[in-house]
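Each remark here refers to the structure printed beneath this line.
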């Protein structure tokens with residue numbers, strides 16, 4: 004979703020891997036969907052093998068190229084919106100995200116609030132290329148590199164490295180089932196559930 008002149012557009016970043024029939028489904032939604040075709044940004048290969056779990060997660064970096072918009076709320080395809088999220092468009096600063104459910108304190112890259120910026124996109128792509136250069140040197144080189152360069156969920160580690168001064172959103176904006184499994188005691192989990200449900204109800 005992207006904000007321009009006080010109204011939000013629904014924008015779908017679509018690669019060639021998305022079938023025409025799937026695009027038709029997007030465009031048949033009861034709200035207007037702007038389809039933006041982008042090139043896939045594959046995860047660099049390691050020792051000749053592509054890491055399947057995170058093979059295309061870097062493609063989301065194209066969201067920084069949507070400079071026709073003042074603010075963008077990015078949602079992964081598996082994110083389910085359960086209540087209005089309009090207030091996210093009023094987030095201050097260039098980048099906000101919801102904390103991940105488990106230590107250490109990092110953000111989850113499934114829901115992002117950002118200001119599009121071509122320079123940021125170029126910087127991030129330079130980092131992706133750095134991963135590719137290291138991958139080409141083989142597994143032994145990768146073993147000696149920082150974790151964010153070798154994780155199968157490369158986009159999340161890359162973005163956490165890049166946006167060290169990120170602004171936190173409420174947990175309720177990117178709630179995961181894994182949150183229930185955090186081993187901090189029943190009282191803590193009960194309080195967490197109440198806060199999340201309260202956030203969603205308040206936003207409605």
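In my numbering, the protein residues as written are 4 to 207. Each residue gets a CB set at the ideal place from its N, CA and C atoms; glycine is no exception.
Beta-carbon separation (whole angstroms), residue i vs residue j, contact threshold 8 Å
i: residue 38; j: residue 17; result: 5 Å
i: residue 173; j: residue 86; result: With a Cβ gap of about 12 Å, residue 173 and residue 86 do not count as contacting.
i: residue 41; j: residue 62; result: 7 Å
i: residue 124; j: residue 11; result: About 21 Å; that fails the 8 Å criterion.
i: residue 14; j: residue 34; result: The Cβ separation is near 12 Å, so there is no contact.
Limits of the unbroken alpha helix (DSSP H) element including residue i
i: residue 163; result: 157 to 165
i: residue 24; result: 23 to 30
Neighbourhood of residue i by C-beta distance below 6 Å, restricted to the same chain and skipping five residues each side
i: residue 112; result: 158, 159, 162
i: residue 169; result: 98, 100, 110
i: residue 20; result: none
i: residue 94; result: 116
i: residue 166; result: 98
i: residue 194; result: The predicted position of residue 194 is uncertain, since its pLDDT is 39 and thus under 50; a value taken from the coordinates is nonetheless stated next. There are no such residues.
i: residue 55; result: Per-residue confidence for residue 55 stands at a pLDDT of 46, beneath the threshold of 50, marking its modelled position as unreliable; the derived number appears in the next sentence. Cβ within range, chain order: n/a, list empty.
Contacts around residue i, its chain only, beta-carbon distance under 8 Å, and the 5 residues preceding and following it disregarded
i: residue 82; result: 113, 114, 177
i: residue 78; result: 4, 84, 113, 114
i: residue 44; result: 59, 61, 62, 64, 65, 128, 131
i: residue 69; result: 5, 14, 39, 75, 119
i: residue 51; result: Model confidence at residue 51 stands at a pLDDT of 47, short of 50, so the residue's coordinates are unreliable and nothing is read from them.
i: residue 89; result: 11
i: residue 67; result: 117, 119, 120, 121, 123, 124, 127
i: residue 189; result: In this prediction, residue 189 has a pLDDT of 40, which is less than 50 and means its spatial position is unreliable; what the coordinates show is noted afterwards. Correct list: empty, nothing qualifies.
Range of the contiguous beta strand (DSSP E) that encloses residue i
i: residue 77; result: 74 to 78
i: residue 102; result: 98 to 102
i: residue 40; result: 36 to 40
i: residue 110; result: 110 to 117
i: residue 17; result: 10 to 17
Neighbourhood of residue i by C-beta distance below 7 Å, restricted to the same chain and skipping five residues each side
i: residue 96; result: 170
i: residue 108; result: 102
Cβ contact check for the stretch 125 to 133 and the stretch 21 to 29: 3 or more pairs under 8 Å: no
Sufficient close CB pairs (3 or more, under 8 Å) joining the stretch 73 to 80 to the stretch 117 to 125: As far as the Cβ criterion goes, the stretch 73 to 80 touches the stretch 117 to 125, which means the pair count is three or higher.
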